[in-house]
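To start, the structure itself, in C-alpha cells.
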Amino acid sequence: MTPMQTEVERIIKETLRERGIDTPEQDFIMNLFDSVMATLNLGNNIKTEDMGKIRKEISSHILSNHHLLSMLRQQSAELDTLRRLSLHLSSSLDLTTVLKTVVSDAMDLLEDSRTAHIFLYNHEEDLVEFGAARDKNGAKNKSYANPRKDGLTYRVAREGKRIIVPDIHDHPIYEGTPPEWYGSILGIPLKFEKKVVGVMSISRASTGEFSDANLRFLDLLAEQAAIAISNARIHAQVRKQAKSDTLTGLPNRRALDEHLEEQIHSAHRTGHSFATIMMDLDGFKFVNDKYGHPVGDRVLRTLFNYLAQGLRTSDFLARYGGDELTLVLHKSDLPATKLVTDKITEKLQEFIFALPDGTKLNIGMSGGIALYPIHGQTSSQLLRAADEALYRSKKHERGSFTIANPPTGQL
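Mapped onto the working numbering, the consecutive letters of the sequence shown carry residue numbers 1 to 411.
Shown next as C-alpha cells:
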C-alpha cells in the first residue's frame, strides 16, 4: 500500500468515526476503500488542494453505502420475521395461537411500539371482539380499553382502510383523550377476499408518522394474519359442526364423550365431584305419530334450547340421541344437583308449545343422576349408571329424577 493509499484509508476510518459508525465490518471498509480508489483513480501522488475533495467524496460514499446497508439489513429482518410468521401460522389452526403470534411479531419488529391489539370483526352484526394483545412487557389476555363505536377500531373495520394517528392529542378520533394518554397509533384492516375479518392496532409512546418501511411491513403482516384468521375460523367451524347436533345445534354424543373425559381428568386432579344427568321426554312419541317428524323436530329444537338457556356457562348440555339429553354439572354434589333438577322441572311446567291444530303441548321429562366418583370413575360407567336410574324413573315415577344406586358407600 502506497503512502497515499494509507492516507486515504486513514481518512475513511476518521470519517466513519465522525459519522457515528463505531464498529463497521472490515469487509465493508475495504470494499468501500477499493470503490473510492477506483472512482477517483488515485495514483501515488495527490495534490494538497484535492484532499478536501477526497474527504467529500469519501463521506458521500460512506453515507450512501451505509444507508444502503441499513436498508438491506432492515428488509432482511422483515423478510425473516414474515418467514417465521408464515411457519408459525401454517403450523397452527388454533385462532388464539395465531393472533398471539401476529401481535408478538408486529411488536418485535417495531422497536418503539408500546402496545399491539387485534380485534376480530363480525361484519353482519357490526361488532368487534377481542382477539389478542401485547404490551412492551409481554403478552396480555385482555385489551386496555373497549373499542368505542366511533373510535379507531370500528372506523378501520367499517371503512376497510388504514388510519394513521401521528399524535392522539391532535386527531379528531381521540378528541377529549385523557392527558395521561399520549403517543401515536396505527390501525390496519385485516382483509381476506376484500372482506374485513379483523383490525390490528399498534401504539407508540412517541409521536410522528410511521415510516414507509414500517407501513410496508405491517401491510404484509396484515395480509398474512387475515389469511391465517380465516383459515382458523373455518377450521373451528368445521370442528364445531363435527361436534354439534344438526337438528338442535347442541353438542352431540362425540362432544359429550370428550367433555366427560375432560371432567374426569379435572375432578381426579382437584378432588371435586360432578354430576351426569340422563334425561328423556315423557310421552313424546305421540307427537311424531300424530303430527309427523317435522313438527316433532321443531318441538325438540325449541324445548332443548329453552332448557339450555338457564344453565351455568360451566355446565354442559348435549343431545344424546332421539329425545334424550345428557347434562353434565361441573363441580356439583348431590344437593346442588337436586336444585338444578328441581329448576328443570319448574321450567318444563312453564313450557307450552302450540301444535298445528291449536293444541297446547305441555311435556314432562324424567331423569337419572350419577355422581363422580361414587357412581363411576369412567365416562361409560357414569352414563350407564345415569341411564339405569333414568329407566327406574320412567318405570316407577315419570317426571321425576332418580339417583343412581351407589356401588359402594353412601352419598
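Here a beta-carbon is modelled for each residue, glycine too, at the ideal position from N, C-alpha and C.
Nothing here was measured: the structure is a model prediction, and the numbers come from that model.
Straight-line gap, residue i to residue j (C-alpha atoms, nearest Å)
i	j	result
Ile-403	Leu-361	28 Å
Gly-131	Met-279	37 Å
Leu-413	Ala-275	Here the chain comprises residues numbered 1 to 411, so residue 413 is not present and cannot be evaluated.
Tyr-473	Lys-140	Any answer about residue 473 is impossible in this case: the structure gives the chain only from 1 up to 411.
Ala-267	Asp-150	46 Å
Ile-363	Ala-242	30 Å
Asn-405	Leu-355	38 Å
Leu-95	Arg-398	45 Å
Gln-349	Asp-108	59 Å
Ala-370	Arg-384	9 Å
Gly-376	Ala-106	50 Å
Ile-344	Met-365	9 Å
Phe-304	Lys-290	21 Å
Ser-113	Glu-262	40 Å
Ile-374	Thr-101	44 Å
Leu-300	Gly-358	18 Å
Ser-413	Asp-342	Given a span of 1 to 411 for the chain in the structure shown, any question on residue 413 remains unanswerable.
Pro-251	Ile-277	15 Å
Asp-245	Leu-334	29 Å
Val-103	Asp-126	23 Å
Leu-172	Leu-152	Rather than Leu, the amino acid found at residue 172 in this sequence is Pro. Answer to the nearest angstrom: the Cα atoms are 10 Å apart.
His-413	Asp-170	Outside the shown range of the chain (1 to 411) lies residue 413, about which nothing can therefore be said.
Lys-347	Leu-311	12 Å
Asn-137	Glu-258	37 Å
Tyr-154	Thr-302	35 Å
Thr-115	Val-165	14 Å
Asp-297	Ile-163	49 Å
Residue burial classification, residue i (beta-carbon count within 10 angstroms, cutoff 16)
i	result
His-265	exposed
Gly-208	exposed
Ile-188	buried
Gly-198	buried
Leu-339	exposed
Ala-389	buried
Gln-309	exposed
Val-238	exposed
Thr-408	Because Thr-408 sits at a pLDDT of 43, beneath the cut-off of 50, its placement in the model cannot be relied upon, and the point is left open.
His-396	exposed
Ala-228	buried
His-117	buried
Arg-204	buried
Lys-191	buried
Pro-147	buried
Leu-247	exposed
Ser-393	buried
Ala-336	exposed
Phe-119	buried
Cβ separation of residue i and residue j, assumed to be a contact under 8 Å, to the nearest whole Å
i	j	result
Ala-232	Leu-93	5 Å
Gly-367	Phe-401	4 Å
Ala-133	Ser-143	5 Å
Leu-110	Asn-214	6 Å
Tyr-306	Leu-256	No, Tyr-306 and Leu-256 are not in contact; Cβ-Cβ is about 19 Å, not under 8 Å.
Ser-206	Gly-183	6 Å
Ser-332	Ser-273	7 Å
Ala-318	Arg-269	Wrong, their Cβ atoms sit about 23 Å apart, outside the cutoff.
Lys-195	His-123	7 Å
Ile-185	Thr-177	Actually they do not touch by this definition, with Cβ atoms about 11 Å apart.
Coil, strand or helix - residue i by DSSP
i	result
His-123	coil
Ala-205	coil
Pro-172	helix
Thr-345	helix
Thr-402	strand
Ala-318	strand
Ile-264	helix
Tyr-182	coil
Thr-326	strand
Asp-112	coil
Glu-129	strand
Ala-386	helix
Lys-360	strand
Pro-189	strand
Lys-285	helix
Ser-230	helix
Leu-311	coil
Lys-47	Its pLDDT being 49, under 50, Lys-47 is placed unreliably in this model, and the coordinates cannot settle the point.
His-235	helix
Asp-219	helix
Phe-274	strand
Ser-211	coil
Phe-304	helix
His-117	strand
Ser-393	helix
Pro-294	helix
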